[in-house]
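A.B. asks: Provided herewith is a single structure, encoded as structure tokens, for subsequent inquiry.
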Amino acid sequence: MMVKHIIIWTLKEMPEAEKTEHKKLIKEGLEGLKGKIDGLLEIKVVTEPLPSSNGDLMLDSTFADYDALKGYSVHPEHVKVADERVIPFTADRKCLDFEII
Numbered sequence: 005m006m007v008k009h010i011i012i013w014t015l016k017e018m019p020e021a022e023k024t025e026h027k028k029l030i031k032e033g034l035e036g037l038k039g040k041i042d043g044l045l046e047i048k049v050v051t052e053p054l055p056s057s058n059g060d061l062m063l064d065s066t067f068a069d070y071d072a073l074k075g076y077s078v079h080p081e082h083v084k085v086a087d088e089r090v091i092p093f094t095a096d097r098k099c100l101d102f103e104i105i
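Numbering (this note's numbering), first residue to last: 5 to 105.
Set out below in structure tokens:
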């Protein structure tokens, strides 16, 4: 059964221009994983939330199954993007994983 992996991040406090640049780099890094990780079917990063939002950007990804999601979480390409482009600039992370029925 396919699995959705949704992440919403709040970035650390920084000037707006810096925030925009980090969002761009996070989007490029994560979306660049498509085709590199087995079982990763779709990946999209939203960087322009509406003013009613309480997060700065969102990852919406789909995996073939739960094992594929677990493999993604430790895959060296994903870990590299997370360690270099995401974790140093985020203040908060919320995650929701669920099966697509």
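All C-beta atoms, glycine included, are put in the ideal place defined by N, C-alpha and C.
Cα separation between E35 and S77?
C.D. replies: Looking at the two C-alpha atoms, the distance is approximately 15 Å.
A.B. asks: Tell me whether the stretch 77 to 95 and the stretch 49 to 57 touch, counting them as touching only if at least three CB pairs, one residue from each stretch, are closer than 8 Å.
C.D. replies: Judged by Cβ distances under 8 Å, the stretch 77 to 95 makes no contact with the stretch 49 to 57, as fewer than three pairs qualify.
A.B. asks: Since I believe D60 is in contact with T14 (beta carbons under 8 Å), could you give me their beta-carbon distance rounded to a whole number of angstroms?
C.D. replies: At roughly 5 Å, the Cβ-Cβ gap stays under 8 Å, so T14 and D60 are in contact.
A.B. asks: In this structure, what does DSSP give as the bridge partners for M62?
C.D. replies: M62 is bridged to I12, V50.
A.B. asks: Identify, in the order they occur along the chain, each residue of the same chain with its Cβ nearer than 6 Å to the Cβ of K31, setting aside the five sequence neighbours on each side.
C.D. replies: Hits under 6 Å: V49, T51.
A.B. asks: Anyone know if the C-beta pair for V85 and G39 falls short of 9 Å?
C.D. replies: No. Outside cutoff.
A.B. asks: Please report the straight-line C-alpha distance between N58 and K98, rounded to a whole angstrom.
C.D. replies: Cα to Cα, N58 sits roughly 11 Å from K98.
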